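Take the sequence shown: its position 197, counting from 1, is numbered 209 in the numbering used here, and each next residue is one higher. From the three backbone atoms N, C-alpha and C, an ideal C-beta is built for every residue, glycine too. A quick note: this is a predicted structure, and the numbers were derived from the prediction, not measured. Below is one structure, written out as structure tokens, with a few remarks after it.
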Amino acid sequence: MEQNSKKTVRSGEQLKKSRRTHALVRAAVQLVFFIAMPGAFYAGFAGIKSIFGSISAGTPIEMNGFIWALVLVAAFTILFGRFFCGYICAFGSFGDLIHWISGLVQIKLFKRKKQFELPEKASKFLRILKYLNLAFIVIFVALGLYAKLRGANAWDVFSQLTSLSFRFDGLTVGIILFVAVIALMAIKERGFCQFLCPLGAFFALLPMLGILRRDKDGCIKGCSICKKNCPVDLQLEADGFSNGECIGCDKCAAACPRANLAHPENKLIKYELVPVLIKAALFFALGSLIGLCRFF
Ligand code: SF4
Ligand code: SF4
Ligand code: SF4
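Dropping the structure here:
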């Protein structure tokens, strides 16, 4: 690969360390939020339903816990890109765990050389489904028909599991869909996030300030390492990093040989992972304040 800049190229050992440290820190943050705030995803999504429910009923929108949760996750997304999806959302983290286990089974047990992944073309096409899903839900809420769909989705089941209440009556369709979502997440990293999540579709439509930026001039010619490491199959050359589909996992940044991908705040703080911890702590504090933490 030809180099077109004098920026230092990270050695293989440095890259390995960068990826390992990023993976460990991310997993630790995800675990903390999975244990302490598993309902943040559900609450944010309920906020959307609450707003459209009031609009369709012609009643004023009253701030409740769900709408506060939506305000928090939306504000975080506008300020910091989809950090919520990459590090905080319990459903996304669950998907990462399923995909990781699926990889282990395929490689260790079935001796496959590489973990199976859906072809990129199929992924690009299937992304559209989540916008249709969001539109469908909003229409049903607006028509006052959403109650008929209660229990007929994977997130109601996930919410029951993480809240440890295990009341599964009326959730037969939801359980079938939840199993299908697990299968999807096993064959496609963040498959639910990319193809089906209505909250993800809402996030992807928001303007974002703090999304990763790439210094194109500092790139190694012909390099596509960031793209190969992207779970969302972003066409980086075409989309740049202003793409709302980016789930904010930072895997591309950790794998870049030039350390050529950064969030705006990385200009102020030298160590890439410090802003991650600050953002996580900020979300934790604000989330606790609005009642998302199950411990206090
Ligand atoms: S896309 Fe949806 S499920 Fe995935 S991490 Fe974001 S909010 Fe969570
Ligand atoms: S940003 Fe992507 S294309 Fe550019 S050097 Fe880094 S990994 Fe390679
Ligand atoms: S572009 Fe980077 S941060 Fe965004 S989803 Fe892909 S790998 Fe993750």
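Inset, instruction - Can you give me the Cβ contacts of Ala164 inside the same chain, cut-off strictly under 8 Å, excluding the 5 residues immediately before and after it? - result: Residue 164 sits at position 152 when you count from the first residue of the sequence shown. Around Ala164: Val185, Gly186, Leu189.
Inset, instruction - Express the C-alpha separation of Ser105 and Cys310 in angstroms, rounding to a whole number. - result: Absent from the structure is residue 310, since the part of the chain shown begins at 13 and ends at 308.
Legend entry - Rounded C-alpha distance that separates Leu217 from Trp80: Position 205 of the sequence shown, counting from 1, holds the residue named residue 217. Position 68 of the sequence shown, counting from 1, holds the residue named residue 80. Distance between the alpha carbons of Leu217 and Trp80: 19 Å.
Inset, instruction - Output the distance between the C-alpha atoms of Glu132 and Lys239, rounded to the nearest integer angstrom. - result: Here residue 132 refers to the residue found at position 120 when the sequence shown is read from its first residue. Here residue 239 refers to the residue found at position 227 when the sequence shown is read from its first residue. Between Glu132 and Lys239, the C-alpha separation is close to 11 Å.
Legend entry - Cβ-heavy atom distance, Pro269 to ligand 2, below 7 Å: For the purposes of this step, residue 269 is taken as the residue at position 257 of the sequence shown. Yes, the beta carbon of Pro269 sits closer than 7 Å to at least one heavy atom of ligand 2.
Inset, instruction - Look at Ile232 and Pro269 and say whether their C-beta atoms are less than 8 Å apart. - result: Taking the first residue of the sequence shown as position 1, residue 232 is located at position 220. Taking the first residue of the sequence shown as position 1, residue 269 is located at position 257. The Cβ atoms of Ile232 and Pro269 sit closer than 8 Å to each other.
Legend entry - For ligand 1, residues whose Cβ lies under 5 Å from any non-hydrogen atom: Result (chain order): Phe53, Cys97, Cys101, Phe103, Gly104, Cys205, Cys209, Leu211, Gly212.
Legend entry - alpha helix (DSSP H) segment containing Ile73, residue limits: The residue given as residue 73 occupies position 61 in the sequence shown. For Ile73, there is no enclosing alpha helix (DSSP H), as DSSP gives it neither H nor E.
Inset, instruction - Give a yes or no on contact between the stretch 34 to 49 and the stretch 61 to 81, applying the rule of three or more CB pairs nearer than 8 Å. - result: In short, these stretches do not touch, since the Cβ pair count stays below three.
Inset, instruction - For Ser68, I'd like the list of residues in its chain whose CB is within less than 8 Å of its CB, leaving aside the five on either flank, ordered along the chain. - result: Here residue 68 refers to the residue found at position 56 of the sequence shown. Taken in chain order, the residues that qualify are Val153, Ala154, Leu155, Gly156.
Legend entry - For Ala271, the three-state DSSP class (helix, strand or coil): Numbered from 1 along the sequence shown, position 259 holds the residue referred to as residue 271. It is coil, neither helix nor strand.
Legend entry - Closer than 7 Å: Asn278 CB and nearest ligand 2 heavy atom: Position 266 of the sequence shown, counted from the first residue, corresponds to residue 278. For Asn278, the Cβ stays outside the 7 Å cut-off from all heavy atoms of ligand 2.
Inset, instruction - Whole angstroms is fine: what's the gap from Cys242's alpha carbon to Gly77's? - result: Along the sequence shown, one-based indexing puts residue 242 at 230. Along the sequence shown, one-based indexing puts residue 77 at 65. For Cys242 and Gly77, the distance between alpha carbons rounds to 34 Å.
Inset, instruction - Compare the C-alpha of Arg31 against each of Leu298, Ile302, Leu285, Leu294 and name the closest. - result: In the sequence shown, counting from the first residue as 1, residue 31 sits at position 19. Comparing Cα positions, the closest option is Leu285.
Inset, instruction - Could you spell out the range, first to last residue, of the alpha helix (DSSP H) harbouring Ser300? - result: The residue you call residue 300 lines up with position 288 of the sequence shown. For Ser300, the enclosing alpha helix (DSSP H) begins and ends at 285 to 301.
Inset, instruction - May I ask you to check if the CB of Arg226 is nearer than 7 Å to at least one heavy atom of ligand 4? - result: Of the ligands this structure carries, namely ligand 1, ligand 2 and ligand 3, none is ligand 4.
Legend entry - Boundaries (first-last residue) of the alpha helix (DSSP H) holding Leu116: Working through the sequence shown from its first residue, we reach residue 116 at position 104. Looking at the DSSP string, the run of the alpha helix (DSSP H) that includes Leu116 is 102 to 116.
Inset, instruction - Using 7 Å as the cut-off, classify the Cβ of Pro219 as near or not near the heavy atoms of ligand 3, replying yes or no. - result: What you label residue 219 is simply residue 207 of the sequence shown in a count that begins at 1. Outside the cutoff, so no.
Inset, instruction - Evaluate contact between the stretch 111 to 130 and the stretch 266 to 282, counting only Cβ atoms and requiring at least three cross-stretch pairs below 8 Å. - result: With the rule of 3 Cβ pairs closer than 8 Å, the stretch 111 to 130 does not count as touching the stretch 266 to 282.
Inset, instruction - Consult DSSP for Arg202 and reduce its assignment to one of helix, strand or coil. - result: Residue mapping note: residue 202 aligns to position 190 of the sequence shown, counting from 1. Annotated three-state conformation of Arg202 is coil, per DSSP.
Inset, instruction - Assuming Leu84 contacts Ile302 (C-beta within less than 8 Å), just tell me the rounded distance between them. - result: Counting from one through the sequence shown, the residue named residue 84 turns up at place 72. Counting from one through the sequence shown, the residue named residue 302 turns up at place 290. Indeed, because the Cβ distance is near 6 Å, the residues count as touching under 8 Å.
Inset, instruction - Please state whether DSSP places Phe223 in a helix, a strand or coil. - result: For the purposes of this step, residue 223 is taken as residue 211 along the sequence shown, with counting starting at 1. One detail in the question is off: residue 223 reads as Ile in this sequence, not Phe. Three-state DSSP puts Ile223 in coil, outside helix and strand.
Legend entry - Assigned secondary structure, Ile140 (DSSP; H/G/I helix, E/B strand, else coil): Reading the sequence shown from its first residue, position 128 is the one you call residue 140. Note: Ile140 maps to helix in three-state DSSP.
Legend entry - Secondary structure of Ile151, DSSP reduced to three states: The count along the sequence shown starts at 1 and reaches residue 151 at position 139. For Ile151, the three-state secondary structure derived from DSSP is helix.
Legend entry - Span separating the alpha-carbon of Leu221 from that of Gly93: Against the sequence shown, residue 221 aligns to sequence position 209. Against the sequence shown, residue 93 aligns to sequence position 81. Their Cα atoms are separated by approximately 7 Å.
Legend entry - Buried versus exposed call for Gln26 [16 or more other C-beta atoms within 10 Å across all chains shown]: Looking up residue 26 in the sequence shown gives position 14. Gln26 is exposed by the Cβ-count criterion.
Inset, instruction - Just mark Gly203 as buried or exposed, buried being the case when its beta carbon has 16 or more other beta carbons within 10 Å. - result: One-based indexing of the sequence shown puts residue 203 at position 191. Buried, because 16 or more other Cβ atoms sit within 10 Å of the Cβ of Gly203.
Inset, instruction - May I ask whether a heavy atom of ligand 2 can be found less than 7 Å away from the beta carbon of Cys235? - result: The residue given as residue 235 occupies position 223 in the sequence shown. Indeed, a heavy atom of ligand 2 lies less than 7 Å from the Cβ.
Legend entry - DSSP state of Ile232 mapped onto helix, strand, coil: Stepping through the sequence shown from its first residue, residue 232 is reached at position 220. Ile232 falls in the strand class under three-state DSSP.
Inset, instruction - Put Asn165 into one of helix, strand or coil per three-state DSSP. - result: Taking the sequence shown and counting its residues from 1, one reaches residue 165 at position 153. Look at Asn165 here: in three-state DSSP terms it is coil, with no helix or strand label.
Inset, instruction - Would you kindly report the start and end of the unbroken alpha helix (DSSP H) that includes Ser30? - result: In the sequence shown, the residue the question calls residue 30 occupies position 18. Bounds of the alpha helix (DSSP H) holding Ser30 are 24 to 48.
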